[in-house]
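Residue numbers (our numbering): 554 to 633.
A virtual CB, placed ideally from N, CA and C, is assigned to each residue, including glycine.
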């Protein structure tokens, strides 16, 4: 993991990216790790709810670097 410190107004934000040389726990606090786990769970829950309700889900295609909506039937609508 690598860490970048970004200044946003009067706040400093740690931006952590994957790297094998540093452990995740060495960089962020236990409270931040818990907040990350809860945020990930909330996103998963929202995606599952959208699937159950037959709503489109916003996704990103890393190969084409484009955002799209994926509909329940599997069709995609790319953003312009």
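#1: Rounded to the nearest angstrom, what separates residue 570 and residue 556 at their Cα positions?
#2: To which residues of the same chain is residue 625 closer than 6 Å at the C-beta, ignoring the five residues directly before and after it?
#3: DSSP three-state call for residue 593: helix, strand or coil?
#4: Only counting the same chain, and skipping five residues up and downstream in sequence, which positions put a Cβ closer than 7 Å to that of residue 603?
#5: Output the boundary residues of the beta strand (DSSP E) element that contains residue 614.
#6: Check the DSSP bridge columns for residue 623 and list the partner residues they point to.
So, to answer that:
#1: Residue mapping note: residue 570 aligns to position 17 of the chain shown, counting from 1. Residue mapping note: residue 556 aligns to position 3 of the chain shown, counting from 1. Cα-Cα distance, rounded: 7 Å.
#2: Position 72 of the chain shown, counting from 1, holds the residue named residue 625. Cβ neighbours of residue 625 beyond the five flanking positions: 607.
#3: As a position in the chain shown, residue 593 is number 40, starting the count at 1. In this structure, residue 593 counts as helix in the three-state DSSP scheme.
#4: In the chain shown, the residue the question calls residue 603 occupies position 50. Correct list, in chain order: 610.
#5: To locate residue 614, count along the chain shown from 1; it is residue 61. First-last of the beta strand (DSSP E) with residue 614: 610 to 614.
#6: As a working note, residue 623 is residue 70 in the chain shown. DSSP output for residue 623 lists 610, 629 as bridge partner(s).
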